[in-house]
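Asker: Heads up: the protein sequence lines correspond to chains A and B, in order.
Sequential numbering of the first sequence, starting at 201, is according to my numbering.
Sequential numbering of the second sequence, starting at 201, is according to my numbering.
C-beta: ideal position from N, C-alpha, C; glycine also.
Protein chains: 2
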Amino acid sequence: MMTKKSFVVAAVLVVLLGMALGCCSKCEQEGVVVETDPLPSWNEGATKQSIVDFVTRVTDEGSPDFVPAPERIATFDNDGTLWAEQPMYFQLFFAIDRVKAMAGDHPEWKDEQPFKAVLEGDMEALATAGEHGLLELVMATHAGMTTEEFEAIVLEWLVTAKHPTTGRAFTEMVFQPMLEVLNYLRANDFKTFIVSGGGIEFMRPWTEAVYGIPPEQVVGSSIKTKFEIRGETPVLIRLPEINFIDDNVGKPVGINSHIGRRPIAAFGNSDGDLQMLQWTAAGDGVRFMLYVHHDDSEREWAYDRDSHIGRLDKGLEEAEAGGWTVVSMKDDWAQVFAWE
Amino acid sequence: MMTKKSFVVAAVLVVLLGMALGCCSKCEQEGVVVETDPLPSWNEGATKQSIVDFVTRVTDEGSPDFVPAPERIATFDNDGTLWAEQPMYFQLFFAIDRVKAMAGDHPEWKDEQPFKAVLEGDMEALATAGEHGLLELVMATHAGMTTEEFEAIVLEWLVTAKHPTTGRAFTEMVFQPMLEVLNYLRANDFKTFIVSGGGIEFMRPWTEAVYGIPPEQVVGSSIKTKFEIRGETPVLIRLPEINFIDDNVGKPVGINSHIGRRPIAAFGNSDGDLQMLQWTAAGDGVRFMLYVHHDDSEREWAYDRDSHIGRLDKGLEEAEAGGWTVVSMKDDWAQVFAWE
């Protein structure tokens, strides 16, 4: 018998498998040249070359820069690095949809901020609620259920939710060039990790199907959980209490806590990733640090120093000073999304 | 140029490699039969058969109990399950040796408990200091340095420290039958994790060499760390503040936080592992739960319901009620340690 949860999981996997197969048949159609280039969505140039050069140096056993396979750890930010993050973080769309879905059980929300703003679609009022308001939204919508119930809620949402401007599923808003980097690194015996400010339990249900990154290689922000036996069934209850914020100075802490070794390559797009890149850069031997710079207002979005979401300011300066790779989405990416 | 740290790491690896090679040549000498039995240190019988049966059921694609490789997660307690834990937890020997090594910089310890007890070798006074006293020892000896400095201290200690009754290195006090289970599971595409009440950073420097378990697959208790830039170098400082206790109800929480999926097999030896085994047992499909029962006073130690270290009381009852596997070290293990 198929439970509701396994149905939802199956539905998500069918959708994602379709995307993957679509990509494969496309590659086949494009013939041999595409198959030998591990990064076909990247335009030729210094940016693409810097990735290939790094991988070649650390995987060539004759190179002084050779790194044994177990130490080939690569960490990726998620929002704005692997998938888009405009017009707002996708997890916030999830929280808003959950407030609407749960509103029937919470008549008091009609008069209470920030819930009132969400229910009335008043984004301005929501913005004035600030970080504290967002935290209240997350706690009200992400806690109070078991870990398994939350996983099912996330997967169910992903099946129906659509991005407001593209109309695509959120799991389709991933960057094709970055999927290629993930695959290229793994083909060279790298272990790829997500290290995101987003919720760890919000990402884990789908990262394996979408990015090929299993749950145990996802690091993120979290709320506390509590083990208890309900009736005769052991469960983990999600509590409305912050456990860890995996952003800024939290990223090296999260990397150390979950991975226990320093990455040799790190990929980000905002100042929130700066400490992860600094931590990566400070290790011995050859290192690779990359910033995705959102400068493509036509195919994606253009924002950096003045953006409230994914601000990239100090990071750009450090990247320049340190000789890190900065990707121009406009110039370096032949294709942005897989469905283009 | 070889730094002091890399020298220590190299020395540890040479010692460990010697152990591994010794084992291999031994296997070769014993011929073909040994090579086809993945668990040669286990006596034939129901216990050994239960392990083989489980692995066969979940890896046979034609079996209704088949589990896809990525979901083959197995978790192992460390103290008392993979290595010995008597006459006291090995990490406590480390803390005591550190107090002695650091005493010169802390003249006040001569008059302050629990440090006074340690310096005077007064184990009775140390015992009366209780959990709070142990915590003070750990904080004084495990915090206040960078993560890299601590790693070097642990590795350096392992080279010289000896177990008080066997005179062996602590990393030799590992159970040969459990090493075989780890290898057997990995040969069948399981991912093996440590989930221990011990310190995560105390284990990670050596688990890959000793158990074949990489740092990113070690879950344990931890203190908080803080990212800061010292001069121009980013470091993680270890703070004297508990972050997470990975014991009892903490084990399912730690598993969920680090691994993000429920194990299908779990191995422990004490009531501190009970919730991990309950959490494992409560999943769908076939599950394997195993308790190592220390009942061999000649080759190892015999203790269970009344022991202060590794007490196994409620767990024994649940194991019986639930039909879990209980290993009699005395009857089920042909060999306990690799050097026997």
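Could you pull the start and end residues of the beta strand (DSSP E) that A:Ala538 belongs to?
Answerer: Along the first sequence, read from residue 1 onward, the residue named residue 538 of chain A stands at position 338. First-last for A:Ala538: undefined, no H or E at that position.
Asker: In whole angstroms, what separates the C-alpha of A:Gly515 from that of A:Ile251?
Answerer: What you label residue 515 of chain A is simply residue 315 of the first sequence in a count that begins at 1. What you label residue 251 of chain A is simply residue 51 of the first sequence in a count that begins at 1. Cα-Cα distance, rounded: 19 Å.
Asker: With a threshold of 8 Å, are at least 3 pairs of Cβ atoms found where one atom belongs to the region 434-451 of chain A and the other to the region 475-483 of chain B?
Answerer: yes
Asker: Under a three-way DSSP split, which group does B:Trp309 fall into?
Answerer: Translated into the one-based positions of the second sequence, residue 309 of chain B becomes position 109. If DSSP states are grouped into helix, strand and coil, B:Trp309 belongs with the helices.
Asker: How would you label B:Asp253, buried or exposed, when you count the other beta carbons within 10 angstroms and need 16 or more for buried?
Answerer: As a position in the second sequence, residue 253 of chain B is number 53, starting the count at 1. Exposed.
Asker: So for B:Ala369, helix, strand or coil by DSSP?
Answerer: Taking the first residue of the second sequence as position 1, residue 369 of chain B is located at position 169. DSSP places B:Ala369 in strand when its eight states are reduced to three.
Asker: Between which two residues does the beta strand (DSSP E) carrying B:Leu439 extend?
Answerer: If you number the second sequence from 1, residue 439 of chain B lands on position 239. Counting along the chain, the beta strand (DSSP E) containing B:Leu439 begins and ends at 433-444.
Asker: Using a Cβ cut-off of 8 Å (strictly closer), state whether A:Glu320 contacts chain B.
Answerer: Here residue 320 of chain A refers to the residue found at position 120 of the first sequence. Output row for A:Glu320: interface = no.
Asker: Here's the rule: buried if 16 or more other CB atoms are within 10 angstroms of the residue's CB, otherwise exposed. What is B:Gln249?
Answerer: Translated into positions along the second sequence, residue 249 of chain B becomes position 49. With fewer than 16 Cβ atoms within 10 Å of its Cβ, B:Gln249 is classed as exposed.
Asker: Can you tell me which of the three DSSP states A:Glu401 falls into?
Answerer: If you number the first sequence from 1, residue 401 of chain A lands on position 201. Three-state DSSP puts A:Glu401 in a helix.
Asker: Would you list, in chain order, the members of the region 450-464 of chain B that have their beta-carbon closer than 7 Å to a beta-carbon of chain A?
Answerer: Pro452, Val453, Asn456, Ser457, His458, Ile459, Gly460, Arg461
Asker: Determine, using beta-carbon pairs with one atom in the region 519-537 of chain A and one in the region 376-386 of chain A, whether at least three such pairs fall under 8 Å.
Answerer: Result yes; three or more Cβ-Cβ pairs closer than 8 Å.
Asker: Does the Cβ-Cβ distance between A:Arg462 and A:Asp389 come in under 8 Å?
Answerer: Start at 1 with the first residue of the first sequence, and residue 462 of chain A comes out as number 262. Start at 1 with the first residue of the first sequence, and residue 389 of chain A comes out as number 189. Contact flag unset, no.
Asker: Nearest CA to the CA of B:Asp447: which residue from B:Asp473, B:Glu428, B:Lys391, B:Pro440?
Answerer: Position 247 of the second sequence, counted from the first residue, corresponds to residue 447 of chain B. Considering only alpha carbons, the answer is B:Asp473.
Asker: Kindly provide the ranges of any beta strand (DSSP E) runs that are 3 or more residues long and lie completely inside the region 257-304 of chain B, ordered along the chain.
Answerer: Counting only runs of 3 or more, we get 273-276.
Asker: Are the CB atoms of A:Leu355 and A:Ala295 within a distance shorter than 8 Å?
Answerer: Looking up residue 295 of chain A in the first sequence gives position 95. Looking up residue 355 of chain A in the first sequence gives position 155. No; because the gap between Cβ atoms is not below 8 Å, this pair is not in contact.
Asker: Closer than 8 Å by beta-carbon distance: list the chain B residues that pair up with A:Ser422, in chain order.
Answerer: Position 222 of the first sequence, counted from the start, is the residue given in the question as residue 422 of chain A. Here the neighbours are Ser457.
Asker: Considering A:Gly330, what are the terminal residues of the alpha helix (DSSP H) in which it resides?
Answerer: By 1-based counting over the first sequence, the position of residue 330 of chain A is 130. Its alpha helix (DSSP H) spans residues 330-342.
Asker: Are any of the Cβ atoms in chain A nearer than 8 Å to that of B:Trp479?
Answerer: Your numbering for residue 479 of chain B matches position 279 in the second sequence. Yes, contact with chain A.
Asker: Taking buried to mean at least 16 other C-beta atoms within 10 Å of its own C-beta, is A:Gly398 buried or exposed?
Answerer: Here residue 398 of chain A is taken as the residue at index 198 of the first sequence, counted from 1. It is buried - the Cβ of A:Gly398 has at least 16 other Cβ atoms within 10 Å.
Asker: Applying a beta-carbon distance threshold of less than 7 Å, which residues of chain B neighbour A:Ala482?
Answerer: Working through the first sequence from its first residue, we reach residue 482 of chain A at position 282. In chain order: Thr433, Pro434.
Asker: Compare the beta carbon distance of A:Gly280 and A:His494 with 8 Å and say whether it is the shorter of the two.
Answerer: Numbered from its first residue, the first sequence carries residue 280 of chain A at position 80. Numbered from its first residue, the first sequence carries residue 494 of chain A at position 294. Taking 8 Å as the Cβ cut-off, A:Gly280 and A:His494 qualify as a contacting pair.
Asker: Below 8 Å between beta carbons: does that hold for B:Ile400 and B:Phe276?
Answerer: On the second sequence, position 200 is the one that residue 400 of chain B refers to. On the second sequence, position 76 is the one that residue 276 of chain B refers to. For B:Ile400 and B:Phe276, no; Cβs fall outside 8 Å.
Asker: Which bits of chain B does A:Arg404 rub up against, with CB to CB less than 7 Å?
Answerer: Along the first sequence, one-based indexing puts residue 404 of chain A at 204. Near A:Arg404 (Cβ distances below 7 Å), the residues of chain B are Gly460.
Asker: Mind checking if A:Pro270 is an interface residue toward chain D, Cβ cutoff 8 Å exclusive?
Answerer: As a matter of chain content, chain D is missing from the structure shown, whose protein chains are A and B.
Asker: Against A:Val418, what residues of chain B qualify as contacts under a CB-to-CB distance less than 9 Å, listed in chain order?
Answerer: To locate residue 418 of chain A, count along the first sequence from 1; it is residue 218. Against chain B, the beta carbon of A:Val418 has neighbours under 9 Å at Gly460, listed in chain order.
Asker: Distance, Cα to Cα, B:Lys310 vs A:Arg430?
Answerer: Position 110 of the second sequence, counted from the first residue, corresponds to residue 310 of chain B. Position 230 of the first sequence, counted from the first residue, corresponds to residue 430 of chain A. Answer to the nearest angstrom: the Cα atoms are 50 Å apart.
Asker: I'd like the span of the alpha helix (DSSP H) that includes A:Arg386, first residue to last.
Answerer: Translated into positions along the first sequence, residue 386 of chain A becomes position 186. First-last of the alpha helix (DSSP H) with A:Arg386: 376-387.
Asker: Does the distance from the CB of A:Gly460 to the CB of B:Arg404 come in under 8 Å?
Answerer: By 1-based counting over the first sequence, the position of residue 460 of chain A is 260. By 1-based counting over the second sequence, the position of residue 404 of chain B is 204. Contact flag set, yes.
Asker: Spell out a yes or no on whether the region 417-429 of chain B and the region 324-333 of chain B are touching, meaning 3 or more CB-CB pairs, one atom from each, closer than 8 Å.
Answerer: Touching, no.
Asker: Given a cut-off of 8 Å on the beta-carbon distance, is the pair B:Asp532 and B:Asn243 in contact?
Answerer: By 1-based counting over the second sequence, the position of residue 532 of chain B is 332. By 1-based counting over the second sequence, the position of residue 243 of chain B is 43. Yes.
Asker: Just reading off the beta strand (DSSP E) that A:Ala466 is part of, what are its end residues?
Answerer: Your numbering for residue 466 of chain A matches position 266 in the first sequence. Element bounds for A:Ala466: 465-468.
Asker: If B:Asp297 sits next to B:Val486, beta carbons under 8 Å apart, how far is it from one beta carbon to the other, in whole angstroms?
Answerer: Start at 1 with the first residue of the second sequence, and residue 297 of chain B comes out as number 97. Start at 1 with the first residue of the second sequence, and residue 486 of chain B comes out as number 286. Their Cβ separation, rounded to whole angstroms, is 44 Å, which puts B:Asp297 and B:Val486 out of contact at 8 Å.
Asker: Report all residues from its chain with a CB closer than 6 Å to the CB of A:Glu285; omit the five preceding and five following residues, and keep chain order.
Answerer: In the first sequence, counting from the first residue as 1, residue 285 of chain A sits at position 85. Excluding positions up to five away in sequence, the list reads Asp279, Ile509, Gly510.
Asker: Let me see if you follow: with CB-CB separation under 8 Å, is A:Phe276 close to chain B or not?
Answerer: Taking the first sequence and counting its residues from 1, one reaches residue 276 of chain A at position 76. Not one chain B Cβ lies under 8 Å of A:Phe276.
Asker: Taking only beta-carbon atoms, is A:Thr347 less than 8 Å away from chain B?
Answerer: Here the question's residue 347 of chain A lines up with position 147 in the first sequence. Yes, because at least one Cβ of chain B sits closer than 8 Å to the Cβ of A:Thr347.
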